[in-house]
Amino acid sequence: MSSSSSSSPVPMRSACLAAMAAAWAWGVAAGGLGLNALIKSNQDQSRLKKQAPPPTVVNISVHDIFAVGVVATTVSALVAFLLFNYAGLLFLRPALAARTLRLQSFSIFFCSVWLLAAQIPFTIFYATRAARVTAFVGTVQLPDTVIKSVEKTLGTSSVYRQIPYRASSTLLLASSPLNLTYDAVRAPAIIPWITLISFIAAASVLLVASRRVPIDSHTHATQAKKSSTETTSMHEKGTIEGSERA
Numbered sequence: 069m070s071s072s073s074s075s076s077p078v079p080m081r082s083a084c085l086a087a088m089a090a091a092w093a094w095g096v097a098a099g100g101l102g103l104n105a106l107i108k109s110n111q112d113q114s115r116l117k118k119q120a121p122p123p124t125v126v127n128i129s130v131h132d133i134f135a136v137g138v139v140a141t142t143v144s145a146l147v148a149f150l151l152f153n154y155a156g157l158l159f160l161r162p163a164l165a166a167r168t169l170r171l172q173s174f175s176i177f178f179c180s181v182w183l184l185a186a187q188i189p190f191t192i193f194y195a196t197r198a199a200r201v202t203a204f205v206g207t208v209q210l211p212d213t214v215i216k217s218v219e220k221t222l223g224t225s226s227v228y229r230q231i232p233y234r235a236s237s238t239l240l241l242a243s244s245p246l247n248l249t250y251d252a253v254r255a256p257a258i259i260p261w262i263t264l265i266s267f268i269a270a271a272s273v274l275l276v277a278s279r280r281v282p283i284d285s286h287t288h289a290t291q292a293k294k295s296s297t298e299t300t301s302m303h304e305k306g307t308i309e310g311s312e313r314a
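Positions 69 to 314 (the numbering used here) are the ones given, in order, by the sequence shown.
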């Protein structure tokens, strides 16, 4: 048996690393954008409620899109964490990485289905729904026409796809700052779909690699243990027979 086989090398190591690195980057991006959108949503709700003159009380409900947004953000961050650890195994414990490639693949596939289950309703809510805004003066509820008029005056909207959330980030490229401005609500409705594709691609590469792991690399340790046990048993049997003859 060759030494490379007994050391259980990871098949398609470079392809696995490339796929995991790309998926990790998209997972971090989706998780970060989702978290930023959730924070901006809470901040904007607080700002609008404070702008209502007393004794007016404003209630804003975004539970539908917020709940699935939390799930999508959590799953994206979870997969990024898993991929980071899986990549570390390739360098620190290559034998263990080779033995667990199939498990790694299935875990990413499972999370991909989970992300899909959250991203479909998030996209539908973003495209078709609006936040539920109600306002009360004492016990009297203000009509929707008044609320819409106030929204227009404040330059905001309760329709998800029309909410004017803007966010900016600064990247350092060649020691030069690059300012990026993006829609903090639209981005989480689009980027996770690209992230989902990268997750499926990484899981597929890991699955293909798992099928190329040499069988003897998995069974070598078991065969060696079995041979050692048989040798010990034969030795003990010979000792007993020798004692009986004496």
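Yeah, the Cβ is synthetic: ideal placement off N, Cα and C, and Gly gets one too. Being a predicted model, the structure only gives us computed values, none of them experimental.
When DSSP labels each residue in this structure, what does residue i get in the three-state scheme?
{"i": "residue 161", "result": "coil"}
{"i": "residue 292", "result": "For residue 292, the predicted structure reports a pLDDT of 46, less than 50, and the residue's modelled location is therefore unreliable. The matter cannot be settled from this model."}
{"i": "residue 168", "result": "coil"}
{"i": "residue 225", "result": "coil"}
{"i": "residue 242", "result": "In this prediction, residue 242 scores a pLDDT of 46, lower than 50, which makes its location untrustworthy; the coordinate-derived value is nonetheless stated afterwards. Coil."}
{"i": "residue 98", "result": "helix"}
{"i": "residue 181", "result": "helix"}
{"i": "residue 147", "result": "helix"}
{"i": "residue 78", "result": "coil"}
Residue range of the beta strand (DSSP E) that residue i falls in?
{"i": "residue 201", "result": "200-205"}
{"i": "residue 126", "result": "124-129"}
Determine whether the beta carbon atoms of residue i and residue j lie at a separation below 8 Å.
{"i": "residue 144", "j": "residue 183", "result": "yes"}
{"i": "residue 190", "j": "residue 137", "result": "yes"}
{"i": "residue 203", "j": "residue 125", "result": "yes"}
{"i": "residue 270", "j": "residue 87", "result": "yes"}
{"i": "residue 267", "j": "residue 147", "result": "yes"}
{"i": "residue 98", "j": "residue 259", "result": "yes"}
{"i": "residue 208", "j": "residue 128", "result": "no"}
{"i": "residue 103", "j": "residue 255", "result": "no"}
{"i": "residue 277", "j": "residue 169", "result": "yes"}
Mind checking who residue i pairs with in its DSSP beta bridge?
{"i": "residue 218", "result": "Answer is none; residue 218 lacks a bridge partner."}
{"i": "residue 191", "result": "Its beta-bridge partners do not exist; DSSP assigns none."}
{"i": "residue 281", "result": "BP columns for residue 281 are empty, so no partner."}
{"i": "residue 209", "result": "204"}
The alpha helix (DSSP H) spanning residue i covers which residue range?
{"i": "residue 258", "result": "254-278"}
{"i": "residue 197", "result": "Note, residue 197: premise wrong, no alpha helix (DSSP H); not H, not E."}
Would residue i count as contacting chain C if we go by Cβ distances under 8 Å?
{"i": "residue 92", "result": "The structure shown contains no chain C; it is built from a single protein chain."}
Specify whether the region 180-196 and the region 104-117 touch according to this definition: at least 3 beta carbon pairs, one from each stretch, less than 8 Å apart.
no
Would you check if the region 112-122 and the region 155-165 touch, i.e. whether three or more CB-CB distances between them fall below 8 Å?
no
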